[in-house]
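Visitor:
Residue numbers (my numbering), protein chains in the order written: chain C, 1 to 588; chain G, 589 to 692; chain L, 693 to 848.
#1: Please name the residue in G:617, G:599, G:607 and G:634 whose C-alpha comes closest to that of residue 687 (chain G).
#2: Please report how far the alpha carbon of residue 625 (chain G) lies from the alpha carbon of residue 596 (chain G), in whole angstroms.
#3: Is residue 644 (chain G) close to chain L? Criterion is C-beta to C-beta, closer than 8 angstroms.
#4: Which residues in chain C sit within 8 angstroms of residue 596 (chain G), going by Cβ to Cβ distance?
#5: Got a sec: is the Cβ-Cβ distance from residue 663 (chain G) to anything in chain L below 8 angstroms?
#6: For residue 757 (chain L), which beta-bridge partners are listed by DSSP?
#7: Would you call the CB atoms of residue 199 (chain C) and residue 174 (chain C) closer than 8 angstroms?
#8: Give the single residue among C:293, C:463, C:532 and C:249 whose Cα lies nearest to the Cα of residue 545 (chain C).
#9: Just the Cα atoms here: how many angstroms apart are residue 112 (chain C) and residue 36 (chain C)?
#10: For chain C, is any of its Cβ atoms less than 8 angstroms away from the one on residue 777 (chain L)?
#11: Per the DSSP calculation, residue 352 (chain C) is bridged to which residue(s)?
#12: Exposed or buried, residue 718 (chain L), counting other C-beta atoms within 10 Å across all chains shown (16 or more means buried)?
#13: Can you tell me the Cα-Cα spacing of residue 23 (chain C) and residue 121 (chain C), whole angstroms?
#14: Could you tell me which uninterrupted beta strand (DSSP E) segments, each at least 3 residues in length, are contained entirely in the region 326-413 of chain C, listed from first to last along the chain?
#15: Rounded to a whole number of angstroms, what is the C-alpha to C-alpha distance between residue 559 (chain C) and residue 455 (chain C)?
#16: Please tell me whether residue 613 (chain G) has its Cβ less than 8 angstroms away from any Cβ of chain L.
#17: 8 angstroms is my cut-off, CB to CB: does residue 206 (chain C) come that close to chain G?
#18: Say whether chain L places a C-beta atom closer than 8 angstroms to the C-beta of residue 592 (chain G).
#19: Would you call the region 51-71 of chain C and the region 98-106 of chain C in contact, with 3 or more CB pairs under 8 angstroms?
#20: By DSSP, does residue 245 (chain C) sit in helix, in strand, or in coil?
#21: Per DSSP, what kind of secondary structure is residue 81 (chain C) in: helix, strand or coil?
#22: Using alpha carbons as the reference points, say which of G:661, G:675 and G:679 lies closest to residue 811 (chain L).
#23: Strictly below 9 angstroms CB to CB, what residues from chain G border residue 838 (chain L)?
#24: By the criterion of Cβ-Cβ separation under 9 angstroms, what are the contact partners of residue 264 (chain C) in chain L?
#25: DSSP three-state label for residue 148 (chain C), please.
#26: Using the C-alpha atoms, what's the distance from residue 266 (chain C) back to residue 839 (chain L)?
#27: Should residue 25 (chain C) be labelled buried (16 or more other beta-carbon atoms within 10 Å of its own) or exposed?
#28: Give me the Cα-Cα distance between residue 299 (chain C) and residue 292 (chain C), rounded to the nearest whole angstrom.
#29: May I ask you to report which of helix, strand or coil DSSP gives residue 722 (chain L)?
#30: Residues in the same chain with beta-carbon distance under 6 angstroms from residue 403 (chain C), minus the five sequence neighbours each way, listed in chain order, please.
#31: So with Cβ pairs under 8 angstroms, would you call residue 257 (chain C) a contact of chain L?
#32: Establish whether the CB of residue 64 (chain C) and some CB of chain L are separated by less than 8 angstroms.
#33: Are there three or more Cβ pairs, one per stretch, closer than 8 angstroms when the region 350-365 of chain C is compared with the region 36-46 of chain C?
#34: Would you grab the beta carbon distance between residue 208 (chain C) and residue 584 (chain C) for me? Rounded to a whole angstrom, and I think it's under 8 angstroms.
#35: So residue 304 (chain C) is in the alpha helix (DSSP H); what residue range does that whole segment cover?
#36: Would you please verify whether the beta carbon of residue 252 (chain C) is less than 8 angstroms from any beta carbon of chain L?
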């Protein structure tokens, strides 16, 4: 079923008239054509979603106030936040777009414009665009991080999302957190997925190749050793479109290798070049695109080194970037996009392609406001069915937010602080460490914190907590290591996460320094200096190397929240930053 | 008994690719047993030789920093289906193993 | 060829190897006669290790040597490394790990007819370079590739 634009406008009107929309949303809804009327251009349309992190229902998501670019990346997309972002992209302050793309006036704007994302709302937009472009003239691409991020995804081992993506009609996807399920679950989920799963940068290990357990899997190629199909050819409005997959290159480093012992990753840009050459020579493509989970900085570098790619549809770093960056390389130009996270945006690129050449394009990163897009009934029924067995558990109210609770940003968010405080309190530790993931939804002040929210922030397949002694030196080594993954000036050494979150301690951070020299002045909350040789009791979660012995983090956080009533954080353990004054990647 | 070696040799376009995997602890002798605090004695493969129809095609000297369960891949010109490939290793304790296979 | 067929052929191949190896036992470990170069493998510095394994420490950096190794190691204990070159007359390829306490990892002696293209996996204690030395027509050439060894985690 597809909805025409006229019907869509009519439905919007009905929803408004019937009082289904809050008054403020209705004011915005009066001219939905402004936001969702995307004029046709050219002859084919590529829709791109990425990093939805299994958010089936509408949520709030606060964009970062700190997203620093260091070295050559300083002040360039995606390292621009807040007012600098609005100026750079010429977005009117206070507008619905300003709310979608920045953290500015977040609480008020969130109340005014309502929740974002939700697969049933996304489905309505996708169906509408497909209908407007005409049958067979569009593709829906998914950059991955789709099967992880919610309680239902965790409990169904990603199957709920495979079903939702099948309903949505995702044509091609690649992955990252997909690989945090067991390898056999990944293989089985891909088998259930009606689209295609592509990744040119995942090989079977040398040793595993001797007797590979998934030798029968259709995507595996014994000669190349690739674990998944590297690319697929799609016919779109008579044009031959090559879609090459680039999975997250550092999956076995940032996430446990033990779940996927037979697979090896890496950026593999030389292989990407030979893959593009192979496609260009043998497949007679009219357009060559990559769906990438590299992260934007890595994509920008890859686009400068690899030639022959028309567009890289990027994800991983969760950057909502309104305009593609045009990167020059020796073959011409490559467009690089990044399409945000948590189901908040749909990237829509209309392209004018003929005889193997990209003549022109129009791009919109369209925010999904659930008040402005009617829920698709079929998808909503599916979501309700998926959630039904877990509904009571997930909707259980644990506490009330005393302030905005969020994660995204280079350093501690307020929800991270709750996790860190919970670890220290429940585990009786001095210092707590929590990973700098970029997913995790936002809770508004006065809103009930439910188990849904806790799972949004914590649910991974290695949730076990630990409590152990570490020396000051070891703690510094961890901070330095993670900080280098974030601020190394060579993007190929960046892993795309944010800084490890800390509780019970403060430090000074100089992002522009080199590894080993960024972290200084580590102190406990009581002001005493953290000494290199002295031992401290540390608790944390998400151990990558081996399974930790403690309870899952969500139980620890839930226990803590239940005791709180209304949650307000006492102290945000965010570092004192040095050398970032005037950087457009930090709120002024 | 070639219990420690897996080998695959494949000829294509006049070049034979040999890939071998050997089960071996490859202890450097520089590592401490975390429980006892004692040094774990060195135990690693020092030499690997591979022959094609009786003629040597590679001869390797290895140290303890080659990874546990070592992997070796190399290529030589010539070789055809059903030719004999032999590979043998010897470690610092004088232990060793060998295998014989056919190019496929 | 269907996937199932491919699988069957592969299994058959593996079995044949096992059976033949067990029955024939053509070369015995004792037949491995190359003299293991103790001085080279216990050398503490790069120069000493290259000198002891290749006769002298001075090498000419060459862009004709390709080292394939990950930018960031997935596991420092198992870092896949491939060294290849288009040079002619290559007698040996020597592989060293800069930051290991004994840098020399492996020497591959390549008789005529063997291509200068070898792969293995090495241990790396910390971030540093993998160094390849190629001996071709009696001359030494070298190349380096940096590999970062990280604690991991906290990403995404």
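Here a beta-carbon is modelled for each residue, glycine too, at the ideal position from N, C-alpha and C.
A quick note: this is a predicted structure, and the numbers were derived from the prediction, not measured.
Guide: Taking the definition as stated:
#1: Position 99 of the second chain, counted from the first residue, corresponds to residue 687 (chain G). It is G:607.
#2: For the purposes of this step, residue 625 (chain G) is identified with residue 37 of the second chain, where counting begins at 1. For the purposes of this step, residue 596 (chain G) is identified with residue 8 of the second chain, where counting begins at 1. Between residue 625 (chain G) and residue 596 (chain G), the C-alpha separation is close to 40 angstroms.
#3: Against the second chain, residue 644 (chain G) aligns to sequence position 56. For residue 644 (chain G), the answer is yes, since a Cβ of chain L falls inside 8 angstroms of its Cβ.
#4: Here residue 596 (chain G) refers to the residue found at position 8 of the second chain. Result: 210.
#5: One-based indexing of the second chain puts residue 663 (chain G) at position 75. It does: the Cβ of residue 663 (chain G) has a partner Cβ on chain L nearer than 8 angstroms.
#6: As a working mapping, residue 757 (chain L) is identified with position 65 in the third chain. L:777, per the DSSP bridge assignment.
#7: If you number the first chain from 1, residue 199 (chain C) lands on position 199. If you number the first chain from 1, residue 174 (chain C) lands on position 174. Against a cut-off of 8 angstroms, the Cβ pair of residue 174 (chain C) and residue 199 (chain C) comes out as a contact.
#8: Your numbering for residue 545 (chain C) matches position 545 in the first chain. Of the candidates C:293, C:463, C:532 and C:249, the one whose C-alpha sits nearest the C-alpha of residue 545 (chain C) is C:463.
#9: Taking the first residue of the first chain as position 1, residue 112 (chain C) is located at position 112. Taking the first residue of the first chain as position 1, residue 36 (chain C) is located at position 36. One C-alpha to the other measures close to 18 angstroms.
#10: The residue you call residue 777 (chain L) lines up with position 85 of the third chain. It does not; no Cβ of chain C falls within 8 angstroms.
#11: As a position in the first chain, residue 352 (chain C) is number 352, starting the count at 1. C:360.
#12: The sequence position of residue 718 (chain L) within the third chain is 26, counting from 1. Confidence at residue 718 (chain L) is low in this model, with a pLDDT of 43, below 50, so the placement of that residue is unreliable and no value is reported for it.
#13: For this step, residue 23 (chain C) is matched to residue 23 along the first chain. For this step, residue 121 (chain C) is matched to residue 121 along the first chain. In this prediction, residue 23 (chain C) scores a pLDDT of 44, lower than 50, which makes its location untrustworthy; the coordinate-derived value is nonetheless stated afterwards. When rounded, the distance between both Cα atoms is 19 angstroms.
#14: 332-338, 345-354, 357-367 and 397-401
#15: The count along the first chain starts at 1 and reaches residue 559 (chain C) at position 559. The count along the first chain starts at 1 and reaches residue 455 (chain C) at position 455. Whole-angstrom Cα-Cα distance: 13 angstroms.
#16: Looking up residue 613 (chain G) in the second chain gives position 25. False, the Cβ-Cβ gap to chain L never drops below 8 angstroms.
#17: Taking the first chain and counting its residues from 1, the one referred to as residue 206 (chain C) is at position 206. Yes, its Cβ sits closer than 8 angstroms to a Cβ of chain G.
#18: Within the second chain, residue 592 (chain G) is the residue found at index 4, counting from 1. Chain L contact via Cβ: absent.
#19: yes
#20: Walking along the first chain from the start, residue 245 (chain C) turns up at place 245. Three-state result, residue 245 (chain C): strand.
#21: What you label residue 81 (chain C) is simply residue 81 of the first chain in a count that begins at 1. It is coil, neither helix nor strand.
#22: Working through the third chain from its first residue, we reach residue 811 (chain L) at position 119. It is G:661.
#23: As a working mapping, residue 838 (chain L) is identified with position 146 in the third chain. Under the 9 angstroms cutoff, chain G gives no residues; its nearest Cβ is about 17 angstroms from residue 838 (chain L).
#24: To locate residue 264 (chain C), count along the first chain from 1; it is residue 264. Simply 762, 766 and 772.
#25: Along the first chain, read from residue 1 onward, the residue named residue 148 (chain C) stands at position 148. It is coil, neither helix nor strand.
#26: Residue 839 (chain L) sits at position 147 when you count from the first residue of the third chain. Residue 266 (chain C) sits at position 266 when you count from the first residue of the first chain. Those two C-alpha atoms are separated by around 12 angstroms.
#27: Your numbering for residue 25 (chain C) matches position 25 in the first chain. Model confidence at residue 25 (chain C) stands at a pLDDT of 46, short of 50, so the residue's coordinates are unreliable and nothing is read from them.
#28: Counting from 1 along the first chain, the entry for residue 299 (chain C) is found at position 299. Counting from 1 along the first chain, the entry for residue 292 (chain C) is found at position 292. Roughly 8 angstroms separates the two Cα atoms.
#29: As a first step, residue 722 (chain L) is located in the third chain; it is residue number 30 there, counting from the start. Note on residue 722 (chain L): pLDDT 44, under 50, position unreliable in the model; the coordinate value appears next. The answer is helix: DSSP assigns residue 722 (chain L) an H, G or I state.
#30: By one-based count along the first chain, residue 403 (chain C) stands at place 403. Same-chain partners within the cutoff: 445 and 568.
#31: For the purposes of this step, residue 257 (chain C) is taken as residue 257 along the first chain, with counting starting at 1. True, the Cβ-Cβ gap to chain L drops below 8 angstroms.
#32: Start at 1 with the first residue of the first chain, and residue 64 (chain C) comes out as number 64. No, residue 64 (chain C) lies away from the interface with chain L (no Cβ there is under 8 angstroms from its Cβ).
#33: yes
#34: The residue given as residue 208 (chain C) occupies position 208 in the first chain. The residue given as residue 584 (chain C) occupies position 584 in the first chain. Not really, about 45 angstroms apart at Cβ, beyond 8 angstroms.
#35: For the purposes of this step, residue 304 (chain C) is taken as residue 304 along the first chain, with counting starting at 1. That run of the alpha helix (DSSP H) goes 296-305.
#36: Indexing the first chain from 1 puts residue 252 (chain C) at position 252. Interface residue, yes.
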